[in-house]
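Participant: Before we start, here is the structure in question, set down as structure tokens.
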Amino acid sequence: MSEPTVRDRTQLERAERRRLALFGYPSAEATRRLPIADPGRQFDYRTAFQRDRDRVLHSRAFRRLKHKTQVYVPFAGDHPRTRLTHTLEVSQLGRTMARALGLNEDLVEAIALAHDLGHTPFGHSGEQALARILAGEEPSCPLPAEVVRQVGTFKHNYQSVRVVDLLERRYDHPGLNLSDQVREGILKHTGWRRNFPFPLPTTEGLRLGLPCHLEGQVVALADEIAQQTHDLEDGLHAEAVSLEEIERLGAAAAVIERAGEAYRSERRRFRRAAILQRGLIHLFVTDALAATARNVARHLTRHRIADRRGWLAAAERMPATMVSFSPRVEALFAELKGFIYRFIINHQEVNRQDHRARLVVAGLFKAHYENPLTLPTYVLLRFHEETGRPYLRDVPIPRIAEEVSRHYHADPRFVRIIVDHLAGMSDSFALAEYEALYHPHTAPAGGAGARG
5 MSEPTVRDRT QLERAERRRL ALFGYPSAEA TRRLPIADPG RQFDYRTAFQ
55 RDRDRVLHSR AFRRLKHKTQ VYVPFAGDHP RTRLTHTLEV SQLGRTMARA
105 LGLNEDLVEA IALAHDLGHT PFGHSGEQAL ARILAGEEPS CPLPAEVVRQ
155 VGTFKHNYQS VRVVDLLERR YDHPGLNLSD QVREGILKHT GWRRNFPFPL
205 PTTEGLRLGL PCHLEGQVVA LADEIAQQTH DLEDGLHAEA VSLEEIERLG
255 AAAAVIERAG EAYRSERRRF RRAAILQRGL IHLFVTDALA ATARNVARHL
305 TRHRIADRRG WLAAAERMPA TMVSFSPRVE ALFAELKGFI YRFIINHQEV
355 NRQDHRARLV VAGLFKAHYE NPLTLPTYVL LRFHEETGRP YLRDVPIPRI
405 AEEVSRHYHA DPRFVRIIVD HLAGMSDSFA LAEYEALYHP HTAPAGGAGA
455 RG
């Protein structure tokens, strides 16, 4: 019996190529802006995308996801999803789909784990609050018109790229130096466009004129499937909707018909709900796999693609929705999304918490913008490093007001630095900061999810 050996990167890449379909993205073709430092090459037993996955997992931004809201349903007990559990579900669904289609599972996993790193506290309500502030539409903290014109807007997928390219600090360079293929998948997992007004550190390697590669498209659809099915489950557990209401949906009816007597004879409601939840995921994933396989086959035939070189040559002609549902299931999925929006996202308690979240985000921005000395030291130092202006705590007290008025309030870089700071907060830290600023009799900020 031969002794076991450790396979190096080259051997792993060869084995990977044998597994991949011609349209799967080989790790050997990965590109990145900066070379991997020599210590990282000393024990080279990972592919490029495995290295990216590990860098994401060990980032501070990834750890903070456990304290960030998915849909804010505080009345649902201990079991509603967070950004972290959502991320893990997207990764699991994405890997399953990638394996079945012959795509690169490691690339899918790296994108999935990083896709929401730039998400705000309090879910999409926090995202909308920051976008509203930057557009000059928040009456409580108006910005100068020239700042609004220059600063850009906010969207979490762009912020996620900003996190991995700039804000994470673990190496001798800004960011995590992820491969271009992972960065592209992060950006394109949800709505994007070529000239979107957002200050990415660089657009190099993002292929803004092209649809995303198939691994990125898989993550985008897995994100949608995970979000809708678990929002539905959380809404059911929170009693925002009833099982009977869900059963009337077309997708649920299809699942019940397939389950047959196993569902109809089940008297325990929680068991029926579990069968329905599993069945919906199975319905959407299996349909997406079949539809995607058909789409790819048509694309290969239409453009006479027979090998990897031909696939790359036809990249400009690849549909942006190659990974998709069949028309029938697309209609069922759209009905489900409409139901969730009407009965869960629009639920009174969810909207009360969303309103509270917007007040917290706007209140934090207002406090930090009006008085930058309320910001942590590392945030003020970042503004000093980016602009060359004196570190504010070193400015003599009689000159602080003038320095802030002339060189902070009028500088879009300062506004963006505040936004970066707020977007990185967890829900719990944002609430604690708000209490410390506006209700100082309460406990000081800190604890779970603290920044810095």
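Numbered by the numbering used here, the letters in the sequence shown go through residues 5 to 456 in order.
Cβ coordinates follow ideal geometry from the N, Cα and C atoms, glycine included.
Being a predicted model, the structure only gives us computed values, none of them experimental.
1) Go through the region 202–282 residue by residue and report every complete run of the beta strand (DSSP E) that reaches 3 residues or more, in order.
2) What does the alpha-carbon distance come out to for the pair F79 and Q231?
3) What's the C-alpha gap between T325 and T73?
4) Would you call H286 buried or exposed, if buried means 16 or more other Cβ atoms sit within 10 Å of its Cβ?
5) By how many angstroms is the C-alpha of I137 removed from the C-alpha of R393?
6) Can you tell me where the alpha helix (DSSP H) with K341 in it begins and where it stops?
7) In whole angstroms, what is the alpha-carbon distance linking L210 and L180?
8) Does the region 87–102 come close enough to the region 154–163 that 3 or more CB-CB pairs lie under 8 Å?
9) Could you check which residue in A317, V333 and Q281 has the C-alpha nearest to that of L471?
10) Roughly how many angstroms lie between the CA atoms of I260 and L280, to the nearest whole one?
11) Taking DSSP as the reference, what is the three-state secondary structure of T9?
12) Relative to the C-alpha of F66, which candidate in I115, S31 and F343 has its C-alpha closest?
13) So what does DSSP say about F79, is it helix, strand or coil?
14) Going by DSSP in three states, R23 sits in which element: helix, strand or coil?
15) Quick check: what's the CA-CA separation for H217 versus P416?
16) Hey, how far is the Cα of G451 from the Cα of R59?
17) Take S164 and list the residues in its own chain whose beta-carbon comes closer than 7 Å to its own, dropping the five residues that flank it on each side.
18) Count the other CB atoms, across all protein chains shown, that sit within 10 Å of the CB of Y29; report buried if there are 16 or more and exposed otherwise.
19) Under the three-state reduction of DSSP, which class applies to T325: helix, strand or coil?
20) Grouping DSSP H, G and I as helix and E and B as strand, with all else coil, what is T124?
21) Let me know the secondary structure DSSP gives A440 once reduced to three states.
22) So, do the region 126–137 and the region 347–365 have three or more beta carbon pairs nearer to each other than 8 Å?
23) Can you pull the DSSP bridge partners for R381?
24) Give the single residue among R37, Y49, P39 and E7 whose Cα lies nearest to the Cα of R18.
25) Within the same chain, show all residues whose beta-carbon is closer than 8 Å to that of L171, passing over the 5 residues directly before and after it, in chain order.
26) As a quick exercise: from L24, Y438, A295 and P400, pick the residue whose alpha carbon is nearest that of V112.
27) Grab me the residues of Q378's own chain with a C-beta within less than 8 Å of its C-beta, minus the 5 sequence neighbours each way, in chain order.
28) What first and last residue would you give for the alpha helix (DSSP H) that runs through I348?
29) Verify whether the separation of the beta carbon atoms of M101 and A226 is less than 8 Å.
Facilitator: According to the data block:
1) none
2) Mapped onto the sequence shown, residue 79 falls at position 75. Mapped onto the sequence shown, residue 231 falls at position 227. At F79 the pLDDT is 45, less than 50, meaning the model places this residue with poor confidence and gives no usable figure here.
3) In the sequence shown, residue 325 corresponds to position 321, counting from 1. In the sequence shown, residue 73 corresponds to position 69, counting from 1. Cα to Cα, T325 sits roughly 28 Å from T73.
4) Counted from its first residue, the sequence shown places residue 286 at position 282. H286 should be labelled exposed.
5) Mapped onto the sequence shown, residue 393 falls at position 389. Mapped onto the sequence shown, residue 137 falls at position 133. For R393 and I137, the distance between alpha carbons rounds to 24 Å.
6) Working through the sequence shown from its first residue, we reach residue 341 at position 337. Unbroken alpha helix (DSSP H) run through K341: P331 to I344.
7) The residue labelled residue 210 in the question sits at position 206 within the sequence shown. The residue labelled residue 180 in the question sits at position 176 within the sequence shown. One C-alpha to the other measures close to 16 Å.
8) no
9) Lying before the first or after the last residue shown, residue 471 is absent from the chain, which here runs from 5 to 456.
10) In the sequence shown, residue 260 corresponds to position 256, counting from 1. In the sequence shown, residue 280 corresponds to position 276, counting from 1. The straight-line gap from Cα to Cα measures roughly 7 Å.
11) On the sequence shown, residue 9 is found 5 positions in, with the first residue counted as 1. Looking at T9 - three-state DSSP - the assignment turns out to be coil, as it is neither helix nor strand.
12) Residue 66 sits at position 62 when you count from the first residue of the sequence shown. Looking at the Cα atoms, I115 is the closest of the given residues.
13) As a position in the sequence shown, residue 79 is number 75, starting the count at 1. Note that F79 scores a pLDDT of 45, beneath 50, so its modelled location is shaky; the value from the coordinates is reported in the next line. In the structure shown, F79 sits in a helix (DSSP, three-state: H, G or I).
14) As a first step, residue 23 is located in the sequence shown; it is residue number 19 there, counting from the start. Of the three classes helix, strand and coil, the one that applies to R23 here is helix, per DSSP.
15) The residue you call residue 217 lines up with position 213 of the sequence shown. The residue you call residue 416 lines up with position 412 of the sequence shown. Each residue's Cα considered, the two are about 34 Å apart.
16) As a working mapping, residue 451 is identified with position 447 in the sequence shown. As a working mapping, residue 59 is identified with position 55 in the sequence shown. Residue placement at G451 cannot be trusted, given a pLDDT of 49 that sits under 50; what the coordinates show is reported in the next sentence. Using only the alpha carbons, I get a separation of about 24 Å.
17) Translated into the one-based positions of the sequence shown, residue 164 becomes position 160. Excluding sequence neighbours, S164 sits near A118, H119, D120, L121, G122 and I190.
18) As a working note, residue 29 is residue 25 in the sequence shown. Buried.
19) Your numbering for residue 325 matches position 321 in the sequence shown. T325 falls in the coil class under three-state DSSP.
20) As a working mapping, residue 124 is identified with position 120 in the sequence shown. In the structure shown, T124 sits in coil (DSSP, three-state: anything other than H, G, I, E or B).
21) One-based indexing of the sequence shown puts residue 440 at position 436. Helix at A440.
22) yes
23) Here residue 381 refers to the residue found at position 377 of the sequence shown. What sits at residue 381 in the sequence shown is Thr, not Arg. Paired residues: none, contrary to the question.
24) The residue labelled residue 18 in the question sits at position 14 within the sequence shown. R18 has its Cα closest to that of Y49, out of R37, Y49, P39 and E7.
25) Here residue 171 refers to the residue found at position 167 of the sequence shown. Result list for L171: A65, P178, G179, D424 and G428, in chain order.
26) In the sequence shown, the residue the question calls residue 112 occupies position 108. If we check each option's Cα against that of V112, L24 comes out closest.
27) Taking the first residue of the sequence shown as 1, we reach residue 378 at position 374. Per the sequence presented here, residue 378 reads as Thr, with Gln not at that position. The answer, listed in chain order, is A371, H372 and L441.
28) As a position in the sequence shown, residue 348 is number 344, starting the count at 1. Unbroken run through I348: none, as it is neither H nor E.
29) Position 97 of the sequence shown, counting from 1, holds the residue named residue 101. Position 222 of the sequence shown, counting from 1, holds the residue named residue 226. Against a cut-off of 8 Å, the Cβ pair of A226 and M101 comes out as a contact.
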